[in-house]
Structure formats: structure tokens, C-alpha cells
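Residue numbers (the working numbering): 265 to 404.
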Amino acid sequence: MHHRHRSLLPIALPTALPIAAALLLGACASPSSPPATAAKGTRAEGHLVTVATVQAKPGKENDLRAATVPLIAATRGEAGVVTYVLHEQLDAPGRFVFYEVFRDETAFQEHVRAAYVQQWLQRLPELTVNGITVTRLKAY
Numbered sequence: 265m266h267h268r269h270r271s272l273l274p275i276a277l278p279t280a281l282p283i284a285a286a287l288l289l290g291a292c293a294s295p296s297s298p299p300a301t302a303a304k305g306t307r308a309e310g311h312l313v314t315v316a317t318v319q320a321k322p323g324k325e326n327d328l329r330a331a332t333v334p335l336i337a338a339t340r341g342e343a344g345v346v347t348y349v350l351h352e353q354l355d356a357p358g359r360f361v362f363y364e365v366f367r368d369e370t371a372f373q374e375h376v377r378a379a380y381v382q383q384w385l386q387r388l389p390e391l392t393v394n395g396i397t398v399t400r401l402k403a404y
């Protein structure tokens, strides 16, 4: 019995490899994006590292996404922000995970007090299941 194997990739492998390599190397990053320092080997040692999560209420996924994505550009413009990356969990749409590295505690507090962050935080009761959970980490 002879079976034909169908590729699971939507594009041919020789084409997919350069695309994947370009993505991994950051070739598709916009010129206005800050450098991905963690990808270049810079450690977060000495900085304040946080991971924050929010889970949208059922039916509020798009609203939470629309309210949250604009935080990226504004936060990356803050002087004390080293790294700020927003993720959405692949197997749980509407669950957002922030990976944040701040210069120090003062920079983190300035971020939290920023008007746009305060406005976003005020919307969380209507949009999220349990508000925001912030975990502080120590880098080694």
C-alpha cells in the first residue's frame, strides 16, 4: 500500500525556512519598535521584572484586546521601561500575559501611575474575570 503524505505546512519547506529565520532574527520588526534586548542576550539582572495576566470575561475578549493593545506603544515610550511585551495565550483567547522589565521600582511605580494605565485599570472590572495579577520576579 502506497500512501501520499500531505504537507502540514501551508507553504513549501524551502520557502518556510527563510521566513522562519527572518522572524527569529527580527527582520520583520518595524523600524519604530525598540530593540528586543532579551533576544540579544541582555539579562534583566538588577531590574524589576514582572509578569502580569488578565483574563477577559466571556464575550469581552475583543473589547479587552482593543483596550490593551494600545498600551504597548505608550509603555515602550516610557524612559524606565527596558522590555515590554504583550502576549495572548494561543489556547485561551482573551488571556493576556505581559512580560515587563523596568529599570527599577521607581520606573515601575511611574508606569502604574501613568494616566493611560490608570484608565485601563479602571476598565478591568467590566472586561476581566478577576482583574490583573502581577507577579514580581528576580532574574539570575
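Glycine residues also receive a C-beta, built at the ideal position from the N, C-alpha and C atoms.
Just so it is clear, the structure is predicted and the values come from calculations on it, not from any experiment.
- Taking C-beta atoms under 8 Å as the contact rule, G395 and T370 fail to qualify, at a distance of about 24 Å.
- Ranked by Cα distance from A379, the first of V333, V313, V398 and T339 is T339.
- V365 places its beta carbon 8 Å or farther from that of A316.
- Residue state for E325 is assigned as helix, using DSSP reduced to three classes.
- If you draw a straight line from the Cα of T332 to the Cα of Y404, it comes to about 29 Å.
- For the 8 Å CB-CB criterion, R367 and T314 do not form a contact.
- Annotation for L391: the continuous alpha helix (DSSP H) segment containing it runs A379 to L391.
- By the Cβ neighbour-count rule, G323 is exposed, with fewer than 16 other Cβ atoms within 10 Å of its own.
- With contacts defined by Cβ atoms closer than 8 Å, F360 and V393 do not form a contacting pair.
- The Cβ atoms of G358 and E325 lie closer than 8 Å to each other.
- When DSSP assignments are scanned along the region 319-375, the uninterrupted stretches of alpha helix (DSSP H) that are 4 or more residues long and fall wholly within it turn out to be 325-332 and 335-340.
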